[in-house]
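Take a look at the structure set out below.
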Amino acid sequence: MKKSLIRTSFLLLVLLIGASTSWAQKLPATARLADKKEYAGIELYLNVERAASEDDPAAVVSLWLLNTNTGRAVRVLTTNPMAQGRWSEMSGHKSVSTPLTQIAAAEKALFVADETDLILLEGCPDARNVWSYLVDLKTRTAKQLPTNSGLVCFFDEGPFILMNNYRYDYEGETGRYNVIQAFRPDGSFVGELPLGPVEE
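The opening residue of the sequence shown carries number 21 in the working numbering; numbering runs sequentially from there.
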């Protein structure tokens with residue numbers, strides 16, 4: 021309980037500071053609510069800054085925090101369609117630190133379980149794989165998770181983040197396999213469970 025209150029207080033502090041500085045702004049009218057949950061009147065929004073097109077297949081999207089009590093908002097980041105995945109550095113189960121300026125896509129955003137200063141951000145910039153990032157509001161940093169098929173669910177005991185992943189030729193078996201992986205909020209790997217082959 022004390023841990024949750026500290027995190028909620030931090031989130032409020034971010035927006036209170038923002039309300040008195042130039043980086044506190046009005047939420048764009050086109051922004052959409054990303055997570056039905058809110059913490060102490062703080063809501064999470066995504067806004068499409070530039071829609072995808074034939075010439076630019078990846079949209080540019082911004083992530084916002086809104087203080088529903090004051091109406092003031094803070095832009096956390098804006099995606100960069102030119103950002104590259106860190107797949108070679110994520111071999112195995114290692115999450116990789118990623119600057120907020122190097123997040124490729126954002127189509128989904130959620131507060132992570134009761135971690136009110138942590139957001140899971142997901143997008144599909146390559147029309148195949150879901151790229152997942154843990155965005156830490158406290159440090160204004162992010163980590164890309166070594167997964168490619170998006171969130172399964174949050175598991176409060178831990179808490180753990182359960183992610184879906186596909187692989188080929190898993191543990192000597194040929195074909196494409198689905199694997200559920202568990203991570204802690206700091207991005208560290210806990211374990212995995214193979215679900216078997218996928219019919220393609």
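Beta carbons are placed, not taken as given, at the ideal position from N, Cα and C, and that holds for glycine.
These numbers were taken from a predicted model, which means no experiment stands behind them.
How would you label Gln201, buried or exposed, when you count the other beta carbons within 10 angstroms and need 16 or more for buried? buried
Between Tyr65 and the rest of its own chain, which residues show a CB-CB distance below 7 Å, the 5 nearest in sequence each way excluded? Leu47, Ala51, Arg52, Leu53, Ala54, Trp84 and Leu86
What three-state label does DSSP hand Leu120 in the structure shown? helix
Of the residues Ala125, Asp76 and Gly91, which one's Cα is nearest the Cα of Leu97? Ala125
Quick one: what's Ser82 bridged to in DSSP? Asn67 and Thr98
Contact belief for Gln45 with Ala79 at Cβ below 8 Å, rounded distance in angstroms: About 20 Å; that fails the 8 Å criterion.
Within 10 Å of its beta-carbon, does Glu69 have 16 or more other beta-carbons around it, so buried, or fewer, so exposed? exposed
Considering only the beta carbon of each residue, do Thr118 and Lys163 sit closer than 9 Å? yes
Within a Cβ cutoff of 7 Å, which residues of the same chain sit near Ala133, ignoring the five residues on either side of it in sequence? Phe174, Asp176 and Pro179
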